[in-house]
Amino acid sequence: MLSLKDIKKDYVVGDSTVSALKGVSIDFRENEFVSILGPSGCGKTTLLNIIGGLDRYTSGDLNINGKSTKDFKDCDWDSYRNHSIGFVFQSYNLIPHQTVLSNVELALTLSGVSKSERRERAVKALEQVGLGDQLHKKPNQMSGGQMQRVAIARALVNEPDILLADEPTGALDTETSVQIMELLKSISKDKLIIMVTHNPELAMKYSSRIIKLLDGKVIDDSDPLDKNVVEPIKQPEKEPTKADKKAAKKERKKLKTSMNFLTALSLSRNNLMTKKARTLLTSFAGSIGIIGIALILSISNGVQLYIDQVQSDTLSSYPLQITKTTASIGEIMNTMAKNHEDSAKHDKDKVYSQNAMGEMINTLMEETKVNNLEKFKKYLDDNSDLKDLTSDVQYTYATTLNVFTESDSGVMQVNPSTLLEDMGYMSSTQMEAMSMSGSMGGMGTDVWSEMIDNEELIDKQYDVIAGRLPEKYNEVVLVVDKNNEINDYVLYSLGLLDPSSLNGIVRRAMAGEDISVDSEQHVYTYDELLDLKFKVVPTPDFYKKKDGVWEDMTDDESYMKKAVANGTEISVVGILRPDEDASSASISGAIGYRHDLMTYLIDEVDNSEIVKEQIANPDIDVFTGLKFKTDENAADTDSSSETVSDSTADTESKADETADSSDTDKKAGLVAGDSSMEIPEGMTEEQYKALMEQSGASDTGELADMGMNAMGSMDMSAIQGGDMSSLTETQKKYIASLSDEQLELMKQMLKEQSDTNADQLANSGKYSTSNYDNNMKTLGYSVVEDPDSINIYPVDFASKEKIIDIIDDYNDSVGEEDKIEYTDYVGLMMSSITSIINAIGYVLIAFVAISLVVSSIMIGIITYISVLERTKEIGILRSIGASKRDISRVFNAETVIVGFVAGALGIIISYLLTIPINMIIAHLTDVPIRASIPVSAAVILIAISVCLTLIAGLFPSRVAAKKDPVIALRTE
Numbered sequence: 022m023l024s025l026k027d028i029k030k031d032y033v034v035g036d037s038t039v040s041a042l043k044g045v046s047i048d049f050r051e052n053e054f055v056s057i058l059g060p061s062g063c064g065k066t067t068l069l070n071i072i073g074g075l076d077r078y079t080s081g082d083l084n085i086n087g088k089s090t091k092d093f094k095d096c097d098w099d100s101y102r103n104h105s106i107g108f109v110f111q112s113y114n115l116i117p118h119q120t121v122l123s124n125v126e127l128a129l130t131l132s133g134v135s136k137s138e139r140r141e142r143a144v145k146a147l148e149q150v151g152l153g154d155q156l157h158k159k160p161n162q163m164s165g166g167q168m169q170r171v172a173i174a175r176a177l178v179n180e181p182d183i184l185l186a187d188e189p190t191g192a193l194d195t196e197t198s199v200q201i202m203e204l205l206k207s208i209s210k211d212k213l214i215i216m217v218t219h220n221p222e223l224a225m226k227y228s229s230r231i232i233k234l235l236d237g238k239v240i241d242d243s244d245p246l247d248k249n250v251v252e253p254i255k256q257p258e259k260e261p262t263k264a265d266k267k268a269a270k271k272e273r274k275k276l277k278t279s280m281n282f283l284t285a286l287s288l289s290r291n292n293l294m295t296k297k298a299r300t301l302l303t304s305f306a307g308s309i310g311i312i313g314i315a316l317i318l319s320i321s322n323g324v325q326l327y328i329d330q331v332q333s334d335t336l337s338s339y340p341l342q343i344t345k346t347t348a349s350i351g352e353i354m355n356t357m358a359k360n361h362e363d364s365a366k367h368d369k370d371k372v373y374s375q376n377a378m379g380e381m382i383n384t385l386m387e388e389t390k391v392n393n394l395e396k397f398k399k400y401l402d403d404n405s406d407l408k409d410l411t412s413d414v415q416y417t418y419a420t421t422l423n424v425f426t427e428s429d430s431g432v433m434q435v436n437p438s439t440l441l442e443d444m445g446y447m448s449s450t451q452m453e454a455m456s457m458s459g460s461m462g463g464m465g466t467d468v469w470s471e472m473i474d475n476e477e478l479i480d481k482q483y484d485v486i487a488g489r490l491p492e493k494y495n496e497v498v499l500v501v502d503k504n505n506e507i508n509d510y511v512l513y514s515l516g517l518l519d520p521s522s523l524n525g526i527v528r529r530a531m532a533g534e535d536i537s538v539d540s541e542q543h544v545y546t547y548d549e550l551l552d553l554k555f556k557v558v559p560t561p562d563f564y565k566k567k568d569g570v571w572e573d574m575t576d577d578e579s580y581m582k583k584a585v586a587n588g589t590e591i592s593v594v595g596i597l598r599p600d601e602d603a604s605s606a607s608i609s610g611a612i613g614y615r616h617d618l619m620t621y622l623i624d625e626v627d628n629s630e631i632v633k634e635q636i637a638n639p640d641i642d643v644f645t646g647l648k649f650k651t652d653e654n655a656a657d658t659d660s661s662s663e664t665v666s667d668s669t670a671d672t673e674s675k676a677d678e679t680a681d682s683s684d685t686d687k688k689a690g691l692v693a694g695d696s697s698m699e700i701p702e703g704m705t706e707e708q709y710k711a712l713m714e715q716s717g718a719s720d721t722g723e724l725a726d727m728g729m730n731a732m733g734s735m736d737m738s739a740i741q742g743g744d745m746s747s748l749t750e751t752q753k754k755y756i757a758s759l760s761d762e763q764l765e766l767m768k769q770m771l772k773e774q775s776d777t778n779a780d781q782l783a784n785s786g787k788y789s790t791s792n793y794d795n796n797m798k799t800l801g802y803s804v805v806e807d808p809d810s811i812n813i814y815p816v817d818f819a820s821k822e823k824i825i826d827i828i829d830d831y832n833d834s835v836g837e838e839d840k841i842e843y844t845d846y847v848g849l850m851m852s853s854i855t856s857i858i859n860a861i862g863y864v865l866i867a868f869v870a871i872s873l874v875v876s877s878i879m880i881g882i883i884t885y886i887s888v889l890e891r892t893k894e895i896g897i898l899r900s901i902g903a904s905k906r907d908i909s910r911v912f913n914a915e916t917v918i919v920g921f922v923a924g925a926l927g928i929i930i931s932y933l934l935t936i937p938i939n940m941i942i943a944h945l946t947d948v949p950i951r952a953s954i955p956v957s958a959a960v961i962l963i964a965i966s967v968c969l970t971l972i973a974g975l976f977p978s979r980v981a982a983k984k985d986p987v988i989a990l991r992t993e
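Pasting the structure below:
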């Protein structure tokens with residue numbers, strides 16, 4: 022089965038060559054106990070190592086079962102050692118950090134035997150050598166004889182064909198030596214045992230065959246295989262067929278040894294556990310870089326989370342807004358700037374005017390356009406990517422949310438709020454502008470606003486301090502500030518405080534009157550606020566049909582009480598308070614309502630009788646019963662207008678065309694004797710008193726009576742024509758009391774009245790002065806598919822840019838008339854902040870990464886030291902069949918463990934350090950930044966640590982793999 026043919030082994034030492042074996046030829050039987058004797062240096066151990074595949078012969082051939090080993094590769098020798106050879110060494114060569122059972126199992130692990138079978142066979146082998154009760158001891162807890170028995174059990178566990186024993190009793194006492202020799206003799210009944218020894222007595226007593234070596238040659242063989250045996254004539258070997266080669270290859274693959282990574286981890290873990298302090302210090306050194314990077318990432322993450330929150334909160338208040346009629350502010354500014362640059366073409370010797378106002382108006386007219394929101398809404402609804410990029414897409418409509426509250430004194434309009442107008446602070450036109458400002462994220466006059474349809478975002482921005490969030494269309498929430506306070510403007514607007522006490526207060530204050538405002542701090546319980554009820558009344562309910570036309574009944578108190586009583590009841594079901602960490606809020610008003618309240622109201626309006634009648638009769642004004650003026654009937658009106666216009670031509674030439682119309686109305690009212698009119702702008706109080714004295718009136722009431730009496734029967738054409746002869750003495754006296762300015766204003770008033778009369782005369786009572794669209798707008802009619810504006814709330818600035826890309830894609834796909842213009846209120850206000858934070862973080866990480874690289878190099882050095890310390894273990898592993906790759910895997914596993922521990926230790930320390938860091942940040946700043954390491958970042962950092970240490974350990978592991986197993990086994 023085993024045959025050595027002219028084996029020679031030479032060692033090159035410097036410039037000389039030493040021959041250890043000089044043509045040794047020996048044939049061995051399948052089962053015999055062979056002892057090889059000879060003095061030290063005669064080549065006994067070299068011969069044993071060549072037979073065991075640990076060393077390579079220089080020339081000759083080693084045949085195993087008739088197969089030459091000349092073409093054996095490393096993997097073939099590894100498989101041969103693992104499956105055919107069992108080693109028993111003089112110094113036992115057990116791995117000290119492994120248990121007895123693990124030492125024996127190791128060879129089976131390399132063979133790929135399953136865990137259960139591995140355990141069973143190892144226990145059986147230990148029981149065979151009498152150590153069945155010592156399974157979990159470490160080698161240093163056993164005697165020399167016991168350790169040698171473990172070595173024999175390890176050699177036998179893989180059921181090898183050959184057992185090689187190198188001085189197995191050299192380190193044992195006589196009694197133990199006899200026990201070991203008896204054990205080996207019993208094993209030789211079934212296996213070939215080749216023992217190298219210096220003890221001829223033991224060899225003579227237990228061996229069945231003794232071979233003596235001297236100076237690398239066999240000088241004696243007590244029982245050679247060919248003694249009295251005629252060797253059969255060898256038949257010429259056949260050329261192996263393709264099937265034979267395939268079968269041989271399959272068999273080699275089956276016998277190939279391989280240590281799995283878990284085994285390598287187990288070996289390295291046990292080794293590291295024997296050096297806990299050094300392993301811990303090494304890991305801590307490696308973790309310093311991880312700690313630095315983790316802390317930077319934690320602070321950067323905290324800042325980024327704060328920025329994300331600010332972005333989300335800000336964008337929930339300042340969406341991308343697309344209105345039906347819009348103008349690109351950017352385009353307007355660019356056009357005006359370009360026009361200004363182009364117009365500045367003159368010398369600088371004088372001062373020139375700049376036509377900025379004209380350019381602005383012209384540019385505004387050019388850049389203002391009407392968006393087709395019906396088509397764009399359908400595009401947005403069909404876009405599947407939009408959901409992930411937005412917190413909400415809000416569609417608003419022209420339908421007015423009319424909210425009232427009922428009390429014993431009557432009904433009060435809550436929304437749209439008229440409080441500022443009642444106070445005399447601003448006109449209804451200014452109020453409307455303020456309400457539009459509120460819808461665009463500014464401070465509007467209305468305290469009711471639509472909630473964003475994103476409960477998750479609302480939960481982040483607000484705390485529900487009482488009740489709950491609304492779940493139905495007729496449920497709303499009340500929003501207080503961070504101090505649980507409500508602005509008194511809201512209290513007046515909602516009727517919680519009496520708004521009538523503020524009527525005209527601004528005018529009275531400007532007139533110098535002493536006024537007082539309720540400054541007491543009022544307190545409300547949560548239950549009181551949750552008991553608030555309101556009524557929503559659709560605009561069509563303000564009208565009543567009389568004599569075939571619809572009449573506005575808002576001035577009829579009894580009618581309005583009934584209309585409000587029949588309105589939809591709205592309940593306050595929750596009270597919200599902004600979260601302390603929220604930088605902005607999505608609910609702009611004090612009352613937040615759901616979007617489905619507006620859709621409900623639209624449906625109510627659309628199904629009202631007056632709206633249905635107007636839709637059914639698009640040519641008839643339901644308010645007057647008259648036809649709308651159209652292009653078809655406009656020609657008749659034009660000819661009539663020309664005739665009337667001729668009669669007023671003289672008046673037009675005398676009127677001052679540049680007078681301010683609103684101021685003229687006030688002065689004309691005063692001229693006409695309207696006592697309710699305030700002092701006209703441009704007239705001082707002294708001039709006002711002089712006017713009354715000149716007219717002979719003691720007060721405004723008397724002046725009013727005089728004016729009304731004088732103008733009651735006055736021939737207005739006489740005034741226009743300058744003919745005073747037809748006037749009465751009273752009228753002449755009144756005219757004489759007027760100043761030139763007042764007389765001129767009277768003429769202008771008469772001109773405006775003439776224009777109105779001319780239009781009415783032209784229409785001859787046949788056509789309405791309104792049109793279909795205005796009537797539908799007045800009634801609050803809307804179509805859900807065609808919103809008045811679209812508010813898109815991006816999740817963050819990156820999402821906003823993607824949404825803009827979506828809008829741009831839409832614009833590219835439609836014609837010029839359907840392109841969308843939008844308003845971006847936030848713009849690039851914070852878009853660069855994230856990039857700056859990231860850049861700073863990357864720079865800091867780059868600096869800290871240097872320490873990480875240095876610590877990795879240090880771990881590589883420590884691993885190399887470990888290689889030197891575990892050199893003998895390398896030899897042991899190679900002797901039982903471990904390949905060079907397996908050896909590399911063992912040390913790679915060690916670096917992986919160290920890297921993992923370093924990474925995990927760094928993350929744990931970093932997490933602990935974030936506690937004082939957050940305390941310091943909270944103490945030094947009011948910014949709610951919470952340093953925290955993202956889980957994904959922690960995992961990535963640990964992976965980086967493992968990868969870097971693995972890379973650092975590649976060189977030491979390669980050194981370990983290349984070590985000569987024979988030399989490694991000699992290392993102590």
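With the working numbering as the guide, the letters of the sequence shown map in order to residues 22 to 993. Quick reminder that beta carbons are idealized off the backbone N, C-alpha and C, glycines included.
Close beta carbons around residue i, own chain, < 6 angstroms, minus the five adjacent residues each side
i, result
"Ile871", "none"
"Ser89", "Asp82"
"Val501", "Ile507 and Arg598"
"Tyr227", "Met202 and Lys206"
Cβ-Cβ distance between residue i and residue j below 7 angstroms
i, j, result
"Val919", "Ile880", "yes"
"Ser56", "Lys26", "no"
"Ile857", "Ala989", "no"
"Gln415", "Ala606", "no"
"Ser789", "Phe649", "yes"
"Asp48", "Ser80", "no"
"Leu131", "Asn124", "no"
"Gly613", "Val435", "no"
Local Cβ density within 10 Å of residue i, reported as buried at 16 or more and exposed below that
i, result
"Asp627", "buried"
"Ala285", "buried"
"Ala186", "buried"
"Glu188", "buried"
"Val468", "buried"
"Leu302", "exposed"
"His157", "exposed"
"Pro937", "exposed"
"Ile954", "buried"
Close-in-space but distant-in-sequence residues of the same chain around residue i (CB under 7 angstroms, 5 per side omitted)
i, result
"Val150", "Arg170, Ile173, Ala174 and Leu204"
"Asp642", "Phe649, Ser789, Ser791 and Asn796"
Identity of the residues DSSP links to residue i by a beta bridge
i, result
"Ser428", "Gly431"
"Phe108", "Leu185"
"Leu341", "Ile813 and Asp845"
"Thr589", "Val557"
"Val239", "Leu234"
Spatial neighbours of residue i in its chain, beta-carbon cut-off 8 angstroms, leaving aside the 5 residues before and after
i, result
"Thr417", "Ser460, Glu471, Met619, Pro808, Asp809, Ser810, Ile811 and Asn812"
- Message: Quick check for students: name the residue ranges of the alpha helix (DSSP H) that lie wholly in the segment 887-914, counting only runs of 4 or more.
- Response: 892-900
- Message: Just to confirm the assignment: which complete beta strand (DSSP E) runs, minimum length 3, are found wholly within the segment 134-195?
- Response: 183-187
- alpha helix (DSSP H) segments (min. 4 residues) lying fully within the segment 465-531: 476-482, 509-515 and 526-531
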